[in-house]
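S.K.: Supplied in structure tokens, the structure appears directly below.
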Amino acid sequence: MRRLKAGVIGTGFIGVCHMEAIRRIGFAELVAITDINYELAKRRAEEYYVPKCYKTIDELLADDEIDVIHNCTPNNLHMEINEKIIKAGKHVFSEKPLARNSEESERLLQILKDNKNIVHGVNFNYRMNPLVQEIKNKVKANEIGKPILVHGSYLQDWLLFDTDYNWRIDPEICGPSRCIADIGTHWMDAVQTVTGAKIIDVCADLFTAIPKRKKPKEVVETFGVSKSMEYEEIEVKTEDYGAVLFKMDNGVRGVFYVSQVSAGRKCYLNFEIDGTKSSIYWNQETPDYMWMGYRDKDNSIVMRNPNFMTPEARQYTYLAAGHPEGWNDALKNNIYSFYKFIIDGKSLDKDTPDFATFQDGHYLIKLTEAILKSNEIRQWVKV
Ligand SMILES: NC(=O)c1ccc[n+]([C@@H]2O[C@H](COP(=O)([O-])OP(=O)(O)OC[C@H]3O[C@@H](n4cnc5c(N)ncnc54)[C@H](O)[C@@H]3O)[C@@H](O)[C@H]2O)c1
Numbered sequence: 005m006r007r008l009k010a011g012v013i014g015t016g017f018i019g020v021c022h023m024e025a026i027r028r029i030g031f032a033e034l035v036a037i038t039d040i041n042y043e044l045a046k047r048r049a050e051e052y053y054v055p056k057c058y059k060t061i062d063e064l065l066a067d068d069e070i071d072v073i074h075n076c077t078p079n080n081l082h083m084e085i086n087e088k089i090i091k092a093g094k095h096v097f098s099e100k101p102l103a104r105n106s107e108e109s110e111r112l113l114q115i116l117k118d119n120k121n122i123v124h125g126v127n128f129n130y131r132m133n134p135l136v137q138e139i140k141n142k143v144k145a146n147e148i149g150k151p152i153l154v155h156g157s158y159l160q161d162w163l164l165f166d167t168d169y170n171w172r173i174d175p176e177i178c179g180p181s182r183c184i185a186d187i188g189t190h191w192m193d194a195v196q197t198v199t200g201a202k203i204i205d206v207c208a209d210l211f212t213a214i215p216k217r218k219k220p221k222e223v224v225e226t227f228g229v230s231k232s233m234e235y236e237e238i239e240v241k242t243e244d245y246g247a248v249l250f251k252m253d254n255g256v257r258g259v260f261y262v263s264q265v266s267a268g269r270k271c272y273l274n275f276e277i278d279g280t281k282s283s284i285y286w287n288q289e290t291p292d293y294m295w296m297g298y299r300d301k302d303n304s305i306v307m308r309n310p311n312f313m314t315p316e317a318r319q320y321t322y323l324a325a326g327h328p329e330g331w332n333d334a335l336k337n338n339i340y341s342f343y344k345f346i347i348d349g350k351s352l353d354k355d356t357p358d359f360a361t362f363q364d365g366h367y368l369i370k371l372t373e374a375i376l377k378s379n380e381i382r383q384w385v386k387v
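Quick note on numbering: the sequence shown equals residues 5 to 387 in the working numbering.
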């Protein structure tokens with residue numbers, strides 16, 4: 005059987021997760037990596053026994069052996085590098101958000117029109133947790149009745165102190181939104197996936213809880229803590245918190261809030277779907293469990309068990325019950341689904357994938373922009 009050859013650009017926090025995920029797929033082979041920090045890339049290549057470590061992106065793009073390229077760089081480089089990957093004739097799996105704004109993501113969609121053979125994906129990984137897939141199928145099968153409400157949050161604490169700093173604070177690199185674009189898009193993607201509906205109308209309140217931060221002279225890794233005593237004080241222009249009321253195209257009403265300044269919360273993405281018969285709740289920090297709520301009988305907490313899952317969701321679960329599957333497994337499922345789509349010879353023109361495409365990524369940017377607009381004008385905004 006043919007193996008798809010992969011290259012990874014950017015070997016920071018998420019780049020390594022992609023490298024490990026590719027290694028877990030039998031019909032994929034990680035052949036090359038690159039990073040602007042060549043020392044880091046070399047260390048990663050040695051540690052993971054990656055055969056080729058390139059000094060530049062252009063060298064990696066010119067490697068004829070490579071079929072698929074992962075873009076794991078900061079947001080300001082997503083459009084430029086994704087464009088180069090497409091034009092090099094490689095399939096592209098990009099980190100989220102797809103770009104900094106919809107002008108950039110729209111440009112990518114235009115370029116794809118002339119490159120229809122390219123398979124494109126965006127790493128909205130939470131949709132690929134086995135229980136998220138299970139909830140999607142339960143909702144589809146009408147098990148909770150007609151969905152009425154959706155609510156939840158995504159909370160983190162790694163930017164709580166004014167000494168916490170990362171490239172995400174800089175709008176030039178991150179884009180005009182931080183909390184919504186960085187983690188709110190994950191929440192919206194997960195909820196759109198399980199309900200099979202789109203958010204079309206939003207009313208938002210955003211807040212910068214820490215208006216001034218101490219930017220250290222050294223680079224601070226994602227989720228890292230700066231030990232530097234040398235810093236410059238900067239004004240923060242993006243939100244630490246956001247709350248959004250929304251309407252979906254199937255009539256469902258919802259609300260969510262996101263924060264990067266909630267002490268004790270690390271990767272607290274959770275949602276509840278309330279239907280006319282029952283409710284389902286899931287939290288990615290306890291990913292092997294879901295809560296089922298009833299009006300007319302006892303509530304229950306269900307542990308992931310492949311033996312009793314729907315066939316559609318079962319394809320994304322591997323371990324027997326009681327052997328937890330979590331964040332890394334969902335990310336692997338997403339990347340697996342992308343590679344399987346390619347190896348099966350499917351086309352985005354004809355087939356609907358389980359992973360998020362560049363069109364989905366573009367829509368989530370339009371949603372982010374509608375949320376920014378709503379916060380600015382203090383009114384509901386249609387997407
Ligand atoms: N899907 C998820 O759950 C998830 C989680 C974390 C990050 N992300 C996304 O992944 C992207 C990277 O985030 P991160 O946390 O890994 O950041 P990071 O800072 O840890 O890593 C980024 C890497 O890109 C490298 N880089 C920068 N400019 C480059 C260039 N011109 N050429 C090659 N390499 C370059 C940096 O040296 C660094 O090693 C972001 O867009 C972020 O939103 C997604």
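Every residue gets a Cβ at the ideal spot worked out from N, C-alpha and C, and that includes glycine.
All values derive from a computational prediction rather than experimental measurement.
1) Shorter than 7 Å, the distance from the beta carbon of Cys57 to the closest heavy atom of ligand 1, or not?
2) How close, in whole Å, do the beta carbons of Val198 and Val143 come, if the pair is a contact with beta carbons under 8 Å?
3) I need the DSSP call for Asp333, collapsed to helix, strand or coil.
4) Is there at least one non-hydrogen atom of ligand 1 closer than 7 Å to the beta-carbon of Leu115?
5) Can you tell which of Ala32, Ile26, Gly156 and Glu24 has the C-alpha that lies nearest to the C-alpha of Val248?
6) Between Lys251, Asn254, Lys216 and Glu243, which lies nearest to Glu237 when the distance is taken from Cα to Cα?
7) With a threshold of 8 Å on Cβ separation, who are the neighbours of Glu87 within its own chain once the five nearest residues in sequence on each side are excluded?
8) When you measure from the CB of Lys219 to every non-hydrogen atom of ligand 1, does any distance come out below 7 Å?
9) Using 7 Å as the cut-off, classify the Cβ of Asn146 as near or not near the heavy atoms of ligand 1, replying yes or no.
10) Count the other CB atoms within 10 Å of the CB of His366; is the residue buried (16 or more) or exposed (fewer)?
11) May I ask you to check if the CB of Cys76 is nearer than 7 Å to at least one heavy atom of ligand 1?
12) Beta carbon of Val256, beta carbon of Ile152: below 8 Å?
13) Counting Cβ pairs, one atom from each stretch, are 3 or more of them under 8 Å apart for the segment 317-335 and the segment 64-71?
14) Pairing CB atoms from the segment 9-18 with CB atoms from the segment 74-90, are three or more of them under 8 Å?
15) Could you check whether Val265 and Leu164 sit closer than 8 Å to each other, using their CB atoms as the reference points?
16) Taking just the CA atoms, how far does His190 sit from Val224?
17) Following the continuous beta strand (DSSP E) through Thr38, name the residue where it begins and the one where it ends.
18) Just list the alpha helix (DSSP H) runs in the segment 30-99, keeping only unbroken ones of 4 residues or longer that don't cross its boundaries, in chain order.
19) Tell me Cys207's beta-bridge partners as DSSP assigns them.
20) Please go through the same chain and pick out, in chain order, the residues whose beta-carbon is closer than 7 Å to the beta-carbon of Ile40, but skip the five residues on each side of it.
21) Quick test of the definition: if touching needs 3 or more C-beta pairs under 8 Å, does the segment 194-211 touch the segment 239-253?
22) Whose CA, out of Thr167, Ser109 and Asp62, lies closest to the CA of Ala92?
23) How long is the line joining the alpha carbons of Tyr285 and Asn146, rounded to whole angstroms?
24) Return yes when at least one heavy atom of ligand 1 lies under 7 Å from the C-beta of Lys100, else no.
25) Please tell me whether Phe362 and Phe97 are closer than 8 Å, where the distance is taken between their beta carbons.
26) I'd like to confirm something about Asn274: is its beta-carbon nearer than 7 Å to some heavy atom of ligand 1, or not?
M.R.: By the coordinates alone:
1) Working through the sequence shown from its first residue, we reach residue 57 at position 53. Because no heavy atom of ligand 1 lies under 7 Å away, the Cβ of Cys57 does not count as near it: no.
2) Looking up residue 198 in the sequence shown gives position 194. Looking up residue 143 in the sequence shown gives position 139. Confirmed, Cβ separation roughly 6 Å.
3) Locating residue 333 in the sequence shown gives position 329, where the first residue counts as 1. Asp333 falls in the helix class under three-state DSSP.
4) Counted from its first residue, the sequence shown places residue 115 at position 111. The sequence given here has Ile at residue 115, not Leu. Checking every heavy atom of ligand 1 against the Cβ of Ile115, none is found closer than 7 Å.
5) Against the sequence shown, residue 248 aligns to sequence position 244. Val248 has its Cα closest to that of Gly156, out of Ala32, Ile26, Gly156 and Glu24.
6) Numbered from 1 along the sequence shown, position 233 holds the residue referred to as residue 237. Of Lys251, Asn254, Lys216 and Glu243, the residue nearest in Cα terms is Lys216.
7) Here residue 87 refers to the residue found at position 83 when the sequence shown is read from its first residue. Within the same chain, Glu87 has close Cβ partners Arg111, Leu112 and Ile115.
8) Locating residue 219 in the sequence shown gives position 215, counting from the first residue. For ligand 1, not one heavy atom lies less than 7 Å from the Cβ of Lys219.
9) Looking up residue 146 in the sequence shown gives position 142. Checking the Cβ of Asn146 against ligand 1 gives no.
10) For this step, residue 366 is matched to residue 362 along the sequence shown. Its Cβ being crowded by 16 or more others within 10 Å, His366 is buried.
11) What you label residue 76 is simply residue 72 of the sequence shown in a count that begins at 1. Checking every heavy atom of ligand 1 against the Cβ of Cys76, one is found closer than 7 Å.
12) By 1-based counting over the sequence shown, the position of residue 256 is 252. By 1-based counting over the sequence shown, the position of residue 152 is 148. A contact, by the Cβ cut-off of 8 Å.
13) no
14) By the Cβ criterion, the segment 9-18 is in contact with the segment 74-90, since at least three pairs of Cβ atoms, one from each stretch, lie closer than 8 Å.
15) Sequence index remark: in the sequence shown, residue 164 carries index 160 (1-based). Sequence index remark: in the sequence shown, residue 265 carries index 261 (1-based). Against a cut-off of 8 Å, the Cβ pair of Val265 and Leu164 comes out as a contact.
16) The residue labelled residue 224 in the question sits at position 220 within the sequence shown. The residue labelled residue 190 in the question sits at position 186 within the sequence shown. Cα atoms of Val224 and His190: separation of roughly 23 Å, rounded to the nearest angstrom.
17) Against the sequence shown, residue 38 aligns to sequence position 34. Here the beta strand (DSSP E) through Thr38 covers Ala32 to Thr38.
18) Runs of the alpha helix (DSSP H) lying entirely within the segment 30-99, each at least 4 residues long, are 42-52, 61-65 and 82-91 in chain order.
19) Along the sequence shown, one-based indexing puts residue 207 at 203. Answer is Leu249.
20) As a working note, residue 40 is residue 36 in the sequence shown. Same-chain partners within the cutoff: there are none.
21) Pairwise C-beta distances place the segment 194-211 in contact with the segment 239-253, as three or more of them are shorter than 8 Å.
22) Mapped onto the sequence shown, residue 92 falls at position 88. Nearest to Ala92 by C-alpha distance, out of Thr167, Ser109 and Asp62, is Asp62.
23) Within the sequence shown, residue 285 is the residue found at index 281, counting from 1. Within the sequence shown, residue 146 is the residue found at index 142, counting from 1. Cα to Cα, Tyr285 sits roughly 16 Å from Asn146.
24) As a working mapping, residue 100 is identified with position 96 in the sequence shown. Lys100: yes, Cβ under 7 Å from ligand 1.
25) On the sequence shown, residue 362 is found 358 positions in, with the first residue counted as 1. On the sequence shown, residue 97 is found 93 positions in, with the first residue counted as 1. Result no, Cβ atoms of Phe362 and Phe97 do not sit closer than 8 Å.
26) Numbered from its first residue, the sequence shown carries residue 274 at position 270. Exclusion of Asn274 from the 7 Å shell around ligand 1 follows from its C-beta lying no nearer than that to any non-hydrogen atom of the ligand.
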